[in-house]
Each structure stands twice: as C-alpha cells, then as structure tokens.
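Asker: Numbering (the numbering used here), first residue to last: 303 to 744.
Yeah, the Cβ is synthetic: ideal placement off N, Cα and C, and Gly gets one too.
This structure is in structure tokens; I'll ask about it shortly.
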C-alpha cells in the first residue's frame with residue numbers, strides 16, 4: 303500500500319528536497335544497508351535531494367528552531383518512525399525531535415509520507431503514543447519490515463506524488479494507451495520476407511509426445527496452446543529472442559484491438575542477475591525503468607493480470623544465481639492469475655544443467671536449420687572464405703553452410719529459384735526464427 307498524499311501539492315516536477323525524519327539509531331540499524339541509507343537510496347533513485355539532520359550546517363541558532371526551519375524549506379516530508387522515542391526537545395521535553403519535525407511539516411502544509419517500522423518488538427510508551435497519533439491523523443501509514451521494503455515503498459510514494467492523479471485507477475485507460483503506443487514503437491519490426499515477398503522461414507512445430515510436425519503455425523498459436531506459461535529453448539543464435547519479440551508484437555496488436563487483453567512486456571533477466579532483488583520488487587522497478595509503468599500502477603496491474611511478462615536471457619544470469627531466479631519465477635507463477643502466464647527464453651544447454659526446472663506448462667525448442675532449408679545465404683558483409691573476386695572454395699561453402707545451420711537467426715533463406723537478395727530484406731535478423739519443437743514439459 304502506498305502512502306496517501308496529505309498536504310499541499312509540491313510545486314513543479316522536481317527535483318525536490320525530501321526531509322527524512324528519524325531517530326539517530328536508524329542510521330545504523332540494521333547494518334548494510336540501514337533504514338536511513340535505504341531511504342536515501344530511494345530519494346536518489348527518484349532523482350530528488352535528501353535533507354537530513356546529518357547534513358545540517360553549523361549555525362548560531364537553537365537546534366529545534368533550525369530543525370523546524372529546515373523542514374519548512376523542504377518540499378516533501380518523509381517520516382521513518384522507529385521504536386525509540388529519541389532525543390527530547392530541550393525547550394519542549396514532552397516532544398521528541400521527530401514529533402517536532404512532524405508538527406513543522408503539518409503547519410507548512412508539506413506532503414507527508416509516513417513509514418512505521420515494526421520488527422515484532424513493542425515500542426516504548428511515549429513512542430507508541432506518537433505512532434497512534436500518526437495513525438489517527440488522517441494519514442495512510444505504511445508498515446515496513448526491512449530497509450529494502452522501505453526503499454521500494456518510499457520510491458513508489460515519491461513517484462506517485464510526482465505523477466499526480468495520472469497514477470490513479472481512474473486514468474487506467476489513458477495510462478494503458480500511452481504505454482501501449484510506446485510498446486508498439488519498440489516491438490513492431492517489418493515482417494520478415496524473402497526475395498520473392500514470401501516469409502523467409504516457416505514455423506514448424508513438432509509435438510514432443512508424438513513427434514508429429516505441424517507447419518504453418520505461428521508463435522501466438524503455440525503460446526495459446528501452451529495454456530499456462532511457455533519456455534523457449536534453443537542454441538546460441540538460434541532465434542529465441544526473435545520468437546519472443548514476434549510473440550510480443552502479435553500479443554500487443556491484439557491488446558490494442560481489445561482492451562481486455564493484457565499488455566505484453568519483455569524484460570531482460572540479466573538485470574535481475576546483476577542486482578538479485580526480490581522478484582516482485584525487481585519487476586516493479588524494471589517496469590518503471592524500461593517501460594515507464596509507474597510503480598503504483600505496476601503493483602496493481604500485475605496481480606490483476608493486466609500484463610503478460612516475457613522474460614529473455616535466463617542463461618545470462620550467473621550460474622550461482624540462476625537457481626534462485628528460477629525459484630522466484632516459479633513462486634510468482636503459482637500466485638499469478640492465468641492471463642499473466644509468463645514466457646521464458648533460455649539457451650538449451652544451460653537450462654538442462656539446472657536441477658530444478660521451471661513450472662511452465664509447455665516448452666518450445668528452436669532447432670537448427672536442415673540442409674534443404676539453407677537454400678541460399680546472403681550476408682550483409684563478406685562471408686568467411688570469400689576472396690576479393692567473390693569466389694569461394696567448395697570446402698569454404700560447406701563450412702559456411704554448416705555455420706548457417708547452427709545459427710538460423712543470421713541466415714537469409716529463400717526458396718529455390720527466388721532471386722538472392724543483396725541485403726536483409728525484411729527487418730532485423732531476430733525476426734527470422736527457425737523451426738521449433740513444442741511439447742509438454744521441458
């Protein structure tokens with residue numbers, strides 16, 4: 303739950319001065335990072351500036367007066383309320399400095415974001431009264447279990463404040479339209495065509511259980527037949543990412559025609575591997591950083607099944623972290639509604655080394671091209687084995703063909719008798735997937 307904004311609206315889009323109100327012990331608890339360090343990270347990530355007692359300059363002024371002045375000069379108040387009462391104000395010993403700062407923020411009309419730390423230990427009596435006062439003041443307080451929890455929720459609250467009403471549910475249609483148009487620019491490559499205007503390669507599905515082939519299928523049919531999640535396996539350069547982006551493009555077109563359909567979102571798991579955040583937190587952050595889906599919206603849309611997640615690059619996650627990534631996806635998969643059935647891409651040799659598989663219902667394998675499929679190959683640059691006169695030896699041509707069979711994403715295959723194109727004729731190389739094998743399980 304994100305804090306409700308109470309107080310005046312801050313002027314302008316920022317950057318803002320965010321006053322962090324807390325007792326001194328929270329700067330060291332717990333270690334690496336502390337609650338205060340986590341809050342500072344959240345403010346920095348939201349591209350604002352922190353105002354904190356630690357950074358107060360030396361001044362010939364009463365400490366309480368200086369503290370109240372610095373609160374009034376800030377744009378946003380963020381109260382990190384722990385279990386200790388803290389140092390009392392000399393001139394008003396019934397008040398702690400955090401209470402004084404809250405009073406100053408209230409009188410100045412600042413937006414007030416309140417986060418209550420709870421670790422199962424009862425606060426002292428005076429602090430308990432202050433915490434009840436905050437809860438009874440018409441504010442929506444947020445319970446915090448860890449520094450990471452505080453960092454995410456403060457970041458979300460600042461982003462919601464910055465976006466204003468556009469992050470609320472009443473503007474879902476507008477938000478969805480903006481995001482969908484941005485996705486369309488990202489996902490919509492030209493259709494892959496060969497030199498005669500026909501598709502460069504057909505998608506051939508082989509049912510794993512029966513071995514029967516089904517030509518003329520498309521990746522959307524395979525995804526729909528899978529039902530509750532799909533795993534795409536293949537060798538390096540085989541066209542896995544191509545299939546994933548082709549699927550994203552087709553699902554997006556459907557979502558543009560029908561607002562009840564979820565928006566497809568492609569995310570790179572290598573980013574998770576670099577940071578190893580809790581999966582829910584990583585999803586919310588990546589949706590904002592990569593696709594500008596603001597955090598409050600993402601937190602609501604994900605469990606509502608408004609987004610379909612397509613994960614690329616599981617094999618790019620470090621080996622030591624990959625099992626944890628698989629476990630995190632499985633955990634989310636068990637709690638996701640059916641419309642959110644995810645798709646995951648991984649190099650097959652890497653995936654087969656994992657002891658615990660993904661719980662996705664179906665698997666697609668991208669196969670190397672056969673000799674018949676590699677009819678002719680035209681590269682944008684000079685192929686290995688081609689001399690300055692454009693001649694190749696028989697040995698070099700066979701070597702090139704073997705290479706092409708293993709890397710169909712980089713080959714331009716056209717039917718017999720069709721003119722060989724001089725350059726790529728139908729968009730980026732990843733839009734040319736090779737044949738695939740599909741079936742239940744991995």
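Just checking my contact of residue 353 with residue 322 at CB under 8 Å: how many whole Å lie between their CB atoms?
Answerer: Within the chain shown, numbered from 1, the residue matching residue 353 stands at position 51. Within the chain shown, numbered from 1, the residue matching residue 322 stands at position 20. Right, the Cβ-Cβ distance comes to about 7 Å (below 8 Å), so this counts as a contact.
Asker: Based on Cα-Cα distance, which residue from 375, 413, 405 and 411 lies nearest to residue 435?
Answerer: If you number the chain shown from 1, residue 435 lands on position 133. Nearest of 375, 413, 405 and 411 to residue 435, Cα basis: 405.
Asker: Can you list, in chain order, the residues of its chain whose CB lies under 6 Å from that of residue 344, leaving out five sequence neighbours each side?
Answerer: The residue labelled residue 344 in the question sits at position 42 within the chain shown. Closer than 6 Å at Cβ, skipping near neighbours: 453, 456 and 457.
Asker: Going by alpha carbons, who is nearest to residue 570 out of 417, 664 and 646?
Answerer: In the chain shown, counting from the first residue as 1, residue 570 sits at position 268. Closest option to residue 570, Cα to Cα, is 646.
Asker: Can you tell me the Cβ-Cβ gap for residue 553 and residue 522, rounded? I've got them flagged as a contact below 8 Å.
Answerer: Taking the chain shown and counting its residues from 1, the one referred to as residue 553 is at position 251. Taking the chain shown and counting its residues from 1, the one referred to as residue 522 is at position 220. 7 Å between Cβ atoms; contact.
Asker: Identify, in the order they occur along the chain, each residue of the same chain with its Cβ nearer than 6 Å to the Cβ of residue 485, setting aside the five sequence neighbours on each side.
Answerer: Here residue 485 refers to the residue found at position 183 when the chain shown is read from its first residue. Around residue 485: 554.
Asker: Indicate the three-state DSSP secondary structure (helix, strand or coil) for residue 570 in the structure shown.
Answerer: The sequence position of residue 570 within the chain shown is 268, counting from 1. Here residue 570 sits in strand by DSSP.
Asker: Suppose contacts are defined by Cβ-Cβ distances below 7 Å. Is residue 419 in contact with residue 384 by that definition?
Answerer: Here residue 419 refers to the residue found at position 117 when the chain shown is read from its first residue. Here residue 384 refers to the residue found at position 82 when the chain shown is read from its first residue. Contact: yes.
Asker: Check whether the Cβ atoms of residue 379 and residue 412 lie closer than 7 Å to each other.
Answerer: To locate residue 379, count along the chain shown from 1; it is residue 77. To locate residue 412, count along the chain shown from 1; it is residue 110. Taking 7 Å as the Cβ cut-off, residue 379 and residue 412 qualify as a contacting pair.
Asker: Please tell me whether residue 615 and residue 664 are closer than 7 Å, where the distance is taken between their beta carbons.
Answerer: Numbered from 1 along the chain shown, position 313 holds the residue referred to as residue 615. Numbered from 1 along the chain shown, position 362 holds the residue referred to as residue 664. Cβ distance not < 7 Å, so residue 615 and residue 664 don't count as in contact.
Asker: Which residue or residues does DSSP assign as beta-bridge partners of residue 321?
Answerer: Within the chain shown, numbered from 1, the residue matching residue 321 stands at position 19. According to DSSP, residue 321 bridges with 353 and 379.
Asker: Classify residue 418 as helix, strand or coil using the three-state DSSP reduction.
Answerer: For the purposes of this step, residue 418 is taken as residue 116 along the chain shown, with counting starting at 1. Of the three classes helix, strand and coil, the one that applies to residue 418 here is strand, per DSSP.
Asker: Start and end of the beta strand (DSSP E) containing residue 265?
Answerer: Since the first and last residues shown for the chain are 303 and 744, residue 265 lies out of range.
Asker: On the criterion of 16 or more Cβ atoms from any shown chain inside 10 Å, does residue 427 qualify as buried, or is it exposed?
Answerer: In the chain shown, the residue the question calls residue 427 occupies position 125. The residue in question, residue 427, is exposed, as its Cβ has fewer than 16 Cβ neighbours within 10 Å.
Asker: So, with DSSP's three-state summary, where would you put residue 678?
Answerer: Stepping through the chain shown from its first residue, residue 678 is reached at position 376. Per-residue confidence for residue 678 stands at a pLDDT of 43, beneath the threshold of 50, marking its modelled position as unreliable; no derived number is given.
Asker: What residue range is occupied by the uninterrupted beta strand (DSSP E) comprising residue 665?
Answerer: Numbered from 1 along the chain shown, position 363 holds the residue referred to as residue 665. Its beta strand (DSSP E) spans residues 664-668.
Asker: Sorted by chain position, which residues of the same chain lie with C-beta nearer than 6 Å to residue 608's C-beta, five sequence neighbours on each side aside?
Answerer: Mapped onto the chain shown, residue 608 falls at position 306. Once the five neighbours on either side are set aside, the close Cβ partners of residue 608 are 564.
Asker: What span of residues does the beta strand (DSSP E) with residue 545 cover, start to end?
Answerer: The sequence position of residue 545 within the chain shown is 243, counting from 1. Counting along the chain, residue 545 falls outside any beta strand (DSSP E), though it belongs to the alpha helix (DSSP H) covering 542-559.
Asker: Establish whether the CB of residue 651 and some CB of chain C are separated by less than 7 Å.
Answerer: Note that chain C does not occur in the displayed structure, where there is just one protein chain.
Asker: At the level of alpha carbons, what is the spacing between residue 605 and residue 623?
Answerer: Looking up residue 605 in the chain shown gives position 303. Looking up residue 623 in the chain shown gives position 321. Each residue's Cα considered, the two are about 25 Å apart.
Asker: Rounded to whole angstroms, what's the CA-CA distance from residue 487 to residue 550? Just pull it up for me.
Answerer: Translated into the one-based positions of the chain shown, residue 487 becomes position 185. Translated into the one-based positions of the chain shown, residue 550 becomes position 248. Approximately 12 Å between the Cα atoms of the pair.
Asker: If I follow the unbroken beta strand (DSSP E) through residue 610, where does it start and stop?
Answerer: Taking the first residue of the chain shown as 1, we reach residue 610 at position 308. Element bounds for residue 610: 609-614.
Asker: What does the alpha-carbon distance come out to for the pair residue 382 and residue 341?
Answerer: Taking the chain shown and counting its residues from 1, one reaches residue 382 at position 80. Taking the chain shown and counting its residues from 1, one reaches residue 341 at position 39. Cα to Cα, residue 382 sits roughly 9 Å from residue 341.
Asker: The alpha helix (DSSP H) spanning residue 423 covers which residue range?
Answerer: The residue given as residue 423 occupies position 121 in the chain shown. Counting along the chain, residue 423 falls outside any alpha helix (DSSP H), and DSSP gives it neither H nor E.
Asker: Spell out the partners DSSP gives residue 333 in its beta bridges.
Answerer: Against the chain shown, residue 333 aligns to sequence position 31. DSSP, once it has assigned bridges, lists no residue as partnering residue 333.
Asker: So residue 395 is in the beta strand (DSSP E); what residue range does that whole segment cover?
Answerer: One-based indexing of the chain shown puts residue 395 at position 93. Counting along the chain, the beta strand (DSSP E) containing residue 395 begins and ends at 394-398.
Asker: Could you tell me the distance, in whole angstroms, from the CA atom of residue 447 to the CA atom of residue 633?
Answerer: Looking up residue 447 in the chain shown gives position 145. Looking up residue 633 in the chain shown gives position 331. Taking the straight line joining both Cα atoms gives about 20 Å.
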